[in-house]
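Notes to accompany the following structure.
In this note's numbering, the protein residues as written are 1343 to 1445.
Below, the structure written as structure tokens:
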């Protein structure tokens, strides 16, 4: 998805540089995932950068501890498109898939 957005960029609307994946407290299970398309100047020196197939994902140090070993996928289904996280650190997650709790 990020690579598709970057390919369709124009000088008037430049492509986002990366997808920021973060974890914050909240949601129905204690923690929730946040997904934000960000420009290059929003990437911090301490962010972990993961690049695959032309797409760049960045994760801040605090979120990295909660995302270690997790897999990120993009699902485009009949009911809508969304990012899906398979996180081995999550003890349980809610039905929406964006909220989880730790063991």
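Every residue, glycine too, gets a C-beta built ideally from N, C-alpha and C.
These figures come from a predicted structure and were not determined experimentally.
Here's a check: name, in chain order, each residue in its chain whose Cβ is nearer than 7 Å to the Cβ of residue i, leaving out the five neighbours to either side.
| i | result |
| --- | --- |
| residue 1408 | 1365, 1373 and 1431 |
| residue 1417 | 1423, 1424 and 1426 |
| residue 1435 | 1371, 1441 and 1442 |
Measure the C-alpha to C-alpha separation of residue i and residue j and round it to an integer number of angstroms.
| i | j | result |
| --- | --- | --- |
| residue 1393 | residue 1376 | 18 Å |
| residue 1420 | residue 1388 | 38 Å |
| residue 1369 | residue 1442 | 8 Å |
| residue 1437 | residue 1385 | 31 Å |
| residue 1433 | residue 1397 | 29 Å |
| residue 1414 | residue 1395 | 13 Å |
Looking only at its own chain, which residues have a Cβ that is under 6 Å from the Cβ of residue i, when we skip the five neighbours before and after it?
| i | result |
| --- | --- |
| residue 1400 | 1360, 1362, 1385, 1389 and 1391 |
| residue 1405 | 1364 and 1365 |
- Query: What runs of the alpha helix (DSSP H), each 4 residues or longer, lie entirely inside the stretch 1381-1440?
  - Reply: Correct list: 1403-1409.
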